[in-house]
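Written below as structure tokens is the structure these notes are about.
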DNA sequence: CTTGACCTTCCCATGATGGGAAGCACTACC
DNA sequence: GGTAGTGCTTCCCATCATGGGAAGGTCAAG
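Chains as they are written, first to last, in this note's numbering: chain A, 374 to 521; chain B, 374 to 521.
Okay, structure coming up:
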């Protein structure tokens with residue numbers, strides 16, 4: 374199986390498959406005589422594993438660890454769970470940051486006429502909101518949230 | 374006021390102030406004889422505006438538009454509100470993607486013993502989850518969500 | 001043998017941010 | 001008037017995961 378077919382079978386672009394190989398997330402693919410990468414069913418299995426983990430938001434580093442644990446038949450499920458829980462916590466943090474933003478924005482937008490008149494509470498807020506001293510907790514004010 | 378003081382007054386790093394100038398988000402600062410950037414109160418006001426918008430998750434491109442509207446005394450508040458609503462919609466999409474991820478992950482984690490035993494439903498799912506055909510709607514399955 | 005689809009490597013771009021080096025300017029102190 | 005220390009300048013590089021595209025080799029069908 375060439376890389377195009379592997380891509381279709383796994384849902385990962387050929388570009389990314391090469392990249393994952395380059396950074397060591399997956400082992401270098403076997404090569405045909407013409408130096409084409411070839412993939413066996415087990416390789417596709419691995420790629421699908423990666424696809425699933427990636428879709429659940431895991432980073433490449435986390436996926437490296439997860440793949441290692443997957444291949445370690447003597448792994449402790451606690452190690453896997455710990456990574457998952459840490460990732461959930463990270464996602465929860467991002468969600469909280471987003472929720473705080475949308476709460477503030479919805480409030481500002483609801484007070485804005487949104488017509489041809491120039492008065493706009495949104496711009497007024499941006500112009501006059503007091504500078505943040507520091508992030509106290511999750512509120513309508515926070516530093517550059519790690520959401521992008 | 375030099376860039377360091379402007380940074381402290383606005384909450385934006387000196388690095389980012391220079392970057393914002395470079396990409397044209399803000400006008401080139403006035404320079405002292407020694408070519409030091411100098412900032413007046415109005416400049417700080419603009420930087421604080423940017424800080425606020427940035428903290429609410431707006432992109433540089435959106436901030437460019439918002440700054441233009443801010444300076445346009447004949448603006449229509451509807452134009453500002455439209456940008457805000459679009460951004461809220463974008464944030465909601467990210468939040469939904471995150472929520473779908475955490476829902477799936479919490480479910481998998483709750484079924485994982487998380488002890489020294491190797492059996493792990495999380496890895497089992499990653500290894501065997503059917504490949505996604507395409508994103509149907511917001512569910513536990515979705516493509517590479519735009520959350521990072 | 002040509003056409004077209006596929007593969008290869010290599011370089012560049014994204015967005016917003018930080019790190020760090022080399023060199024010049026300013027301030028405070030002796 | 002030196003000198004130490006801080007601050008400013010520009011320039012280059014890195015992040016993270018991904019895509020775009022060029023130049024060139026390979027393969028299968030007609």
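Where a beta carbon is used, it is the ideal one built from N, C-alpha and C, also for glycine.
Note that the structure is a prediction, hence the values are computed from the model and not measured.
Chain-ordered neighbours of residue i on chain B, where CB pairs are closer than 9 Å
| i | result |
| --- | --- |
| residue 495 of chain A | 439, 450, 453, 454, 456, 457 |
| residue 474 of chain A | 428, 429, 430, 460, 461, 464 |
Residue i: first and last residue of the uninterrupted alpha helix (DSSP H) it sits in
| i | result |
| --- | --- |
| residue 479 of chain B | 450 to 483 |
| residue 389 of chain A | 387 to 395 |
| residue 383 of chain A | 376 to 383 |
| residue 408 of chain B | Premise fails: residue 408 of chain B is in no alpha helix (DSSP H) and is neither H nor E. |
| residue 425 of chain B | 414 to 428 |
| residue 441 of chain B | 433 to 444 |
Residue nearest to residue i in terms of C-alpha spacing, selected from the options
| i | options | result |
| --- | --- | --- |
| residue 410 of chain A | A:463, A:380, A:476 | A:380 |
| residue 454 of chain B | A:421, A:431, A:490, A:425 | A:490 |
| residue 500 of chain A | B:378, B:404, B:442 | B:442 |
| residue 469 of chain A | B:417, B:386, B:429 | B:429 |
| residue 459 of chain B | B:440, B:432, B:471 | B:432 |
| residue 567 of chain B | B:438, B:464, B:425 | No answer is possible for residue 567 of chain B: the residues shown for chain B start at 374 and end at 521. |
| residue 480 of chain A | B:457, B:447, B:422 | B:457 |
| residue 484 of chain B | A:434, A:450, A:474 | A:450 |
Chain A residues whose Cβ lies nearer than 7 Å to that of residue i
| i | result |
| --- | --- |
| residue 487 of chain B | 450, 451, 454 |
Residue i classed as buried or exposed, judged by whether at least 16 other C-beta atoms fall within 10 angstroms
| i | result |
| --- | --- |
| residue 476 of chain A | exposed |
| residue 488 of chain A | exposed |
| residue 415 of chain B | exposed |
| residue 378 of chain B | exposed |
| residue 445 of chain A | exposed |
| residue 413 of chain B | exposed |
| residue 396 of chain B | exposed |
| residue 503 of chain A | exposed |
Proximal chain B residues relative to residue i, where beta-carbon distance stays under 7 Å
| i | result |
| --- | --- |
| residue 477 of chain A | 429 |
| residue 471 of chain A | 464, 467, 468 |
Closer than 9 Å at the beta carbon, the chain A residues around residue i
| i | result |
| --- | --- |
| residue 387 of chain B | The contacting residues do not exist; residue 387 of chain B stays about 15 Å from chain A at best. |
| residue 492 of chain B | 450 |
Chain-ordered neighbours of residue i on chain A, where CB pairs are closer than 8 Å
| i | result |
| --- | --- |
| residue 418 of chain B | 500 |
| residue 447 of chain B | 491 |
Selection of the segment 391 to 411 of chain B by Cβ proximity to chain A, strictly under 8 Å: none
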